[in-house]
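Student: Got a structure for you, questions after.
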Amino acid sequence: DWAKHVGKTVLIDPKGDDYEKYVRATLITPNCAELKEVVGSWKNEGDLTEKAQNLRRHLDLTAVLLTRSEEGMTLFSEGEPIYQPTRAQEVYDVSGAGDTVIAGMGLGLAAGCTMPEAMYLANTAAGVVVAKLGTAVCSFAELVEALDGQ
């Protein structure tokens with residue numbers, strides 16, 4: 001709450017089922033299992049959108065970025081949800097992918113990107129990381145190369 005009041009961007013990789021502690025954050029990045037813990041299961045994409053948007057409004061968040069493993073990610077903010085398929089050519093290990101997504105979002109937003117642009121950057125970085133065995137990182141050079149290749 002204080003961070004938003006003073007104009008700071010707050011990005012959270014949520015844990016547990018008490019999302020009330022994330023009120024007024026800029027962005028949360030749950031995976032499907034984490035989101036289901038809080039909003040329950042969904043029947044289809046329309047139901048998912050309704051549940052994610054209700055959570056976003058209830059917590060007064062700017063956005064919810066749902067990471068969907070090999071299915072990519074979906075950004076829920078004002079307006080229609082934005083879906084991006086995974087950017088990974090091959091998936092060897094998803095360890096650290098969530099951390100890479102939130103780091104990529106932070107990089108993009110700090111650089112002045114819009115949420116969808118930052119999501120593209122984060123998705124690209126995560127695609128680099130999951131193509132490696134074990135917990136890995138995406139270097140700046142790898143990110144630039146991956147972006148140039150798209």
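Numbered by UniProt numbering, the letters in the sequence shown go through residues 1 to 150 in order. For glycine and all other residues, C-beta sits at the position ideal for the given N, C-alpha and C.
Would you mind sorting residue 104 into buried or exposed? The rule is 16 or more other CB atoms within 10 Å of its CB.
Tutor: It counts as buried.
Student: List the endpoints of the continuous alpha helix (DSSP H) containing residue 100.
Tutor: 97-110 is the extent of the alpha helix (DSSP H) around residue 100.
Student: What span of residues does the beta strand (DSSP E) with residue 84 cover, start to end?
Tutor: That run of the beta strand (DSSP E) goes 82-84.
Student: Beta carbon of residue 131, beta carbon of residue 88: below 8 Å?
Tutor: Yes; because the gap between Cβ atoms is below 8 Å, this pair is in contact.
Student: Please list the segments of the beta strand (DSSP E) lying wholly inside the region 17-79, counting only runs of 3 or more residues, in order along the chain.
Tutor: Taking only runs of at least 3 residues, the beta strand (DSSP E) segments lying wholly in the region 17-79 are 63-67 and 73-76.
Student: Apart from the five residues just before and just after residue 36, which ones in its own chain have a Cβ nearer than 7 Å to its Cβ?
Tutor: Nothing listed; no residue qualifies.
Student: Using alpha carbons as the reference points, say which of 117, 145 and 149 lies closest to residue 65.
Tutor: With distances taken between Cα atoms, residue 65 lies closest to 117.
Student: Taking the DSSP output, what are the residues bridged to residue 11?
Tutor: 27, per the DSSP bridge assignment.
Student: Can you find the residues in the same chain that come closer than 8 Å, C-beta to C-beta, to residue 34, ignoring five residues on each side of it along the sequence?
Tutor: Result list for residue 34: 14 and 15, in chain order.
Student: In whole angstroms, what separates the C-alpha of residue 137 from that of residue 11?
Tutor: Each residue's alpha carbon lies about 19 Å from the other.
Student: Does DSSP put residue 149 in a helix, a strand or coil?
Tutor: Coil at residue 149, not helix or strand.
Student: Please state whether DSSP places residue 133 in a helix, a strand or coil.
Tutor: Coil.
Student: Is it buried or exposed for residue 51, if we count other Cβ within 10 angstroms and need 16 for buried?
Tutor: Label assigned to residue 51: buried.
Student: Suppose the cutoff is 6 Å on Cβ atoms and the five residues either side in sequence are ignored; what does the same chain contact list for residue 72 look like?
Tutor: Hits under 6 Å: 84, 85 and 86.
Student: Can you give me the C-alpha to C-alpha distance between residue 27 and residue 101, rounded to a whole angstrom?
Tutor: So the alpha carbons of these two residues sit roughly 12 Å apart.
Student: Do you know how far the Cα of residue 125 is from the Cα of residue 56?
Tutor: Going from the Cα of residue 56 to the Cα of residue 125 covers about 25 Å.
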